[in-house]
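Chemist: So that we are looking at the same thing, I have put the structure below in structure tokens.
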Amino acid sequence: MVTGDVEKRLWAVADQLWANTGLRPGEFSVPVLGLIFLRYAEKMYAAAEEKLGPIGSGGRRKVSKDDYLAEGVIFLPEKARFSYLQSLTEGDVIGLAINEAMKAVEEENVDLKGALPRNYVQLGNKVLLELIKLLGPVDLSGDAFGKVYEYFLGNFALKEGQKGGVFYTPESIVKLIVEIIEPFHGRIFDPACGSGGMFAQSADFVKRHHKTAMEEISIFGTEKEQVTVNLNKMNLAVHGLSGDVRVANTYYEDPHEAVTRDGGRFDFVMANPPFNVSGVDKERLEGDLRFPFGVPKTDNANYLWIQLFYASLNKNGRAGFVMANSAGDARGSEQVIRQKLIESGAVDVIVSVGSNFFYTVTLPCTLWFFDRAKERDAERADKVLFIDARHIYRQIDRAHRDWLPEQIEFLANIVRLYRGEAPELEQGSTELLAERGLGDSYVDVPGLCKVASREEIEAQGWSLNPGRYVGAATTEAEDIDFTERLEELAEELEVLNAESRELEASVAESITAILAGGR
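Okay, so the sequence shown: first residue is 0 according to numbering that gives the first Met the number 0, each after it adds one.
Here it is as structure tokens:
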């Protein structure tokens, strides 16, 4: 990352300032992210002002707000500009001035209405002046400001622990999803969109392929919490994006009409939904077009999300999402739904991810990928690519892992070879491919990847657990990671508990029916 040193330096100072405030991470993070947004907005405004200068100086007409909006720039009244905030002193009420600046930005830019923070007074003059002083000299390109915003989001998520995981998906996970579904052009939907990381990485993908994101992709999202939607809108803005992101409870609401009787609306679906949610009112879901394979009897929302992603795709759409490991082997009504999904031909790729990738939980997870065009491809419809990536990672610290750029490219290249596409080698994955005997074409690699037929999957009880198919590497060490094995057993226990709950519910229904019939 080009801006890596800048991000770390900025974060180190901001983190030190936060330590002296006595505020909780959430109380400090949103105002800081708001100031990063405002600094970015002025940077882009100044560039547009310089570009538009000849229009006004030529005497033809005065440069207007519409000229700035036509340049894709957030219009800033004078007292909403970062340079104005820099002119303030300790004698001013800095928090009030920033609140007014945010209000003015919202009034001039309808996409940001209600999205910007206005709780700056609680930080006090001293901290705010230090933050303004910290961000003022930062002279980065627009894209680089987006990187800084994402870096701060990730670090604040780490500080907030469990709560942080609600709005943030680790960058390397998002990057792999984007590299595999390849959102070059079309409508992108994230029904659990958090702070917008999926959207930002999609735009980055488009830019890396020498295209303009806002000309190629349209963004749609839903999120349950208003504060998270606000983070999302700011994140979109610092990446030069806009989108239709709405507050909604996705279980019961479909504000974007993602699914109609004519099918799904979207070209791409990406998401990191909450795992193993219980308590969803299933009676409200009966007959909902978003759940074409039926509502599971188990009190677990995993297969509601999975069906929603599938149904939201148009006939050529692709989806990539994070899912609990337990979903791949779930039994009972969930297994029936999984079988129908596999028989549809849309299940394309399944990737096992090791533990400690997320800030909130140590458990491993699985990435699922759908391709609705594959349903009509006679050669591919009955095949699924399984990748076991549990032993591919970089250890960041004792409790956290991620993927290096070359590891992301390597995993995405396995998928490209499976699809008959040429690998991309810009991030240095050539050596990793050669080590596994992967070059110009796809081959199964024991312990890493395997293309399984529908018959093989049926023989495994319709399991979508890559470990059941890829086997063990020929050179794999005999020693077992105790922690990882314990986590796998915990996942298996969750599956068994879910089956037990479903069986109990079925028995209770039967007893009720018998008693009712005897009356």
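We put the CB at the ideal spot given by N, CA and C, even for glycine.
From a predicted model like this one, the values you see are computed outputs, not experimental measurements.
(1) Three-state secondary structure (DSSP) at I479?
(2) Taking I97 as part of the alpha helix (DSSP H), name the residues at either end of that continuous run.
(3) Is the beta carbon of N108 less than 8 Å from the beta carbon of F144?
(4) If you drop the 5 nearest sequence neighbours on each side, which residues of the same chain put their C-beta closer than 6 Å to that of H208?
(5) Just verifying my parser: in three-state terms, what is the DSSP assignment at W367?
(6) What does E222 pair with, by DSSP beta-bridge criteria?
(7) DSSP state of I395, grouped into three classes?
(8) Enumerate in chain order the residues of its own chain whose CB-to-CB distance from K281 is below 6 Å, with the five nearest sequence positions on each side excluded.
(9) Who are the near neighbours of V31 in its chain, counting only those whose CB is closer than 7 Å to its CB and skipping five residues on each side?
(10) For V29 and L230, I'd like the C-alpha separation in whole angstroms.
(11) Below 8 Å on the Cβ atoms is my guess for L133 versus L9; work out the distance and round it to an integer in Å.
(12) Using only alpha-carbon positions, find the residue among R397, G419, L432 that is nearest to E405.
(13) The alpha helix (DSSP H) spanning K572 covers which residue range?
(14) Taking the straight line between their C-alpha atoms, what separation do you get for T168 and F357?
(15) Report the option in I180, D243, E159 whose CA atom is closest to the CA atom of C192.
(16) Look at the alpha carbon of I386 and the alpha carbon of N301, and state the distance between them as a whole number of angstroms.
(17) Just mark Q161 as buried or exposed, buried being the case when its beta carbon has 16 or more other beta carbons within 10 Å.
(18) Rounded to a whole number of angstroms, what is the C-alpha to C-alpha distance between L16 and T429?
(19) Which residues share a DSSP beta bridge with M322?
(20) In angstroms, rounded to a whole number, what distance separates the CA positions of G25 and K112?
(21) Assign R532 to one of two classes, buried (16 or more other C-beta atoms within 10 Å of its C-beta) or exposed (fewer than that).
(22) Note down, in chain order, each residue of its chain lying with its Cβ closer than 7 Å to the Cβ of A345, except the 5 sequence neighbours on either side.
(23) Of the choices N118, L34, E105, D66, whose alpha-carbon is the least far from that of S82?
(24) Check whether the Cβ atoms of Q85 and G135 sit closer than 8 Å, and answer yes or no.
(25) Note the first and the last residue of the continuous beta strand (DSSP E) segment covering D189.
(26) How would you write the range of the alpha helix (DSSP H) that D203 sits in, first residue to last?
(27) If we count the other Cβ atoms within 10 Å of its Cβ and call it buried at 16 or more, is Q225 buried or exposed?
(28) Alpha carbons only, please: which of E454, G446, A458 is nearest the one belonging to P465?
(29) Can you tell me where the alpha helix (DSSP H) with A451 in it begins and where it stops?
(30) With DSSP as the reference, please indicate the residues paired to S217 in a beta bridge.
(31) Which residues does DSSP pair with G263 in a beta bridge?
(32) Which ranges would you report for the alpha helix (DSSP H) in the segment 35-90 if only whole runs of at least 4 residues count?
(33) Are A79 and A103 close, meaning C-beta to C-beta below 8 Å?
(34) Using the rule of at least 16 other Cβ atoms within 10 Å of the residue's Cβ for burial, across every protein chain shown, is A257 buried or exposed?
(35) So L384 is in the beta strand (DSSP E); what residue range does that whole segment cover?
(36) Based on the DSSP secondary-structure assignment, which residues constitute the bridge partners of S277?
Modeler: So, from the listed chains and residues:
(1) For the purposes of this step, residue 479 is taken as residue 480 along the sequence shown, with counting starting at 1. Reliability fails at I479, whose pLDDT of 48 lies under 50, so the model's placement of it is uncertain and the value that follows must be treated cautiously. If DSSP states are grouped into helix, strand and coil, I479 belongs with coil.
(2) Residue mapping note: residue 97 aligns to position 98 of the sequence shown, counting from 1. Counting along the chain, the alpha helix (DSSP H) containing I97 begins and ends at 93-107.
(3) Locating residue 108 in the sequence shown gives position 109, where the first residue counts as 1. Locating residue 144 in the sequence shown gives position 145, where the first residue counts as 1. Not in contact: N108 and F144 (Cβ atoms no closer than 8 Å).
(4) As a working note, residue 208 is residue 209 in the sequence shown. Excluding residues within five positions, none has a Cβ falling inside 6 Å.
(5) Residue mapping note: residue 367 aligns to position 368 of the sequence shown, counting from 1. In the structure shown, W367 sits in a strand (DSSP, three-state: E or B).
(6) Position 223 of the sequence shown, counted from the start, is the residue given in the question as residue 222. Paired residue(s): V246.
(7) As a first step, residue 395 is located in the sequence shown; it is residue number 396 there, counting from the start. In this structure, I395 counts as strand in the three-state DSSP scheme.
(8) Counting from one through the sequence shown, the residue named residue 281 turns up at place 282. Closer than 6 Å at the Cβ level, and outside the excluded window around K281, lie V294.
(9) Counted from its first residue, the sequence shown places residue 31 at position 32. For V31, where only same-chain residues beyond five positions count, the Cβ hits under 7 Å are A13, L130, F151.
(10) Within the sequence shown, the letter at position 30 stands for residue 29. Within the sequence shown, the letter at position 231 stands for residue 230. V29 and L230: Cα-Cα distance of roughly 8 Å.
(11) Mapped onto the sequence shown, residue 133 falls at position 134. Mapped onto the sequence shown, residue 9 falls at position 10. Their Cβ separation, rounded to whole angstroms, is 6 Å, which keeps L133 and L9 in contact under 8 Å.
(12) Locating residue 405 in the sequence shown gives position 406, where the first residue counts as 1. With distances taken between Cα atoms, E405 lies closest to L432.
(13) The first residue shown for the chain is 0 and the last is 518, placing residue 572 beyond what the model contains.
(14) Taking the first residue of the sequence shown as position 1, residue 168 is located at position 169. Taking the first residue of the sequence shown as position 1, residue 357 is located at position 358. Those two C-alpha atoms are separated by around 7 Å.
(15) Here residue 192 is taken as the residue at index 193 of the sequence shown, counted from 1. Of the candidates I180, D243, E159, the one whose C-alpha sits nearest the C-alpha of C192 is D243.
(16) The residue given as residue 386 occupies position 387 in the sequence shown. The residue given as residue 301 occupies position 302 in the sequence shown. Rounded to whole angstroms, I386 to N301 spans 21 Å at the Cα level.
(17) Taking the first residue of the sequence shown as 1, we reach residue 161 at position 162. Confidence in Q161 is poor, its pLDDT being 49 and thus under 50, which makes the residue's placement unreliable; the coordinate value appears in the next sentence. Exposed is the call here.
(18) The residue labelled residue 16 in the question sits at position 17 within the sequence shown. The residue labelled residue 429 in the question sits at position 430 within the sequence shown. Approximately 43 Å, taken between the alpha carbons.
(19) The residue you call residue 322 lines up with position 323 of the sequence shown. Paired residues: T365.
(20) Stepping through the sequence shown from its first residue, residue 25 is reached at position 26. Stepping through the sequence shown from its first residue, residue 112 is reached at position 113. One C-alpha to the other measures close to 21 Å.
(21) No information on residue 532 is available, as it lies outside the stretch 0 to 518 that the chain covers here.
(22) The residue you call residue 345 lines up with position 346 of the sequence shown. Excluding residues within five positions, the ones whose Cβ falls inside 7 Å are Y309, F369, D370, R371, K373, E374.
(23) Here the question's residue 82 lines up with position 83 in the sequence shown. Ranking the options by Cα distance to S82, first place goes to L34.
(24) In the sequence shown, residue 85 corresponds to position 86, counting from 1. In the sequence shown, residue 135 corresponds to position 136, counting from 1. It is a contact, given that the beta carbons lie within the stated cut-off.
(25) Mapped onto the sequence shown, residue 189 falls at position 190. 185-189 is the extent of the beta strand (DSSP E) around D189.
(26) Residue 203 sits at position 204 when you count from the first residue of the sequence shown. Where D203 is concerned, the enclosing alpha helix (DSSP H) stretches over 196-207.
(27) By one-based count along the sequence shown, residue 225 stands at place 226. Q225 comes out exposed.
(28) If you number the sequence shown from 1, residue 465 lands on position 466. Residue G446 is the option with its Cα nearest to P465.
(29) For the purposes of this step, residue 451 is identified with residue 452 of the sequence shown, where counting begins at 1. It is not in any alpha helix (DSSP H) - A451 instead sits in the beta strand (DSSP E) that spans 448-452.
(30) What you label residue 217 is simply residue 218 of the sequence shown in a count that begins at 1. Bridge partners of S217: R186.
(31) The residue given as residue 263 occupies position 264 in the sequence shown. Answer is V258.
(32) 64-69, 81-85
(33) Counting from 1 along the sequence shown, the entry for residue 79 is found at position 80. Counting from 1 along the sequence shown, the entry for residue 103 is found at position 104. Yes; because the gap between Cβ atoms is below 8 Å, this pair is in contact.
(34) Counting from 1 along the sequence shown, the entry for residue 257 is found at position 258. By the 10 Å Cβ count, A257 comes out buried.
(35) Locating residue 384 in the sequence shown gives position 385, where the first residue counts as 1. First-last of the beta strand (DSSP E) with L384: 382-388.
(36) Here residue 277 is taken as the residue at index 278 of the sequence shown, counted from 1. Note: S277 sits in no beta bridge, so no partner.
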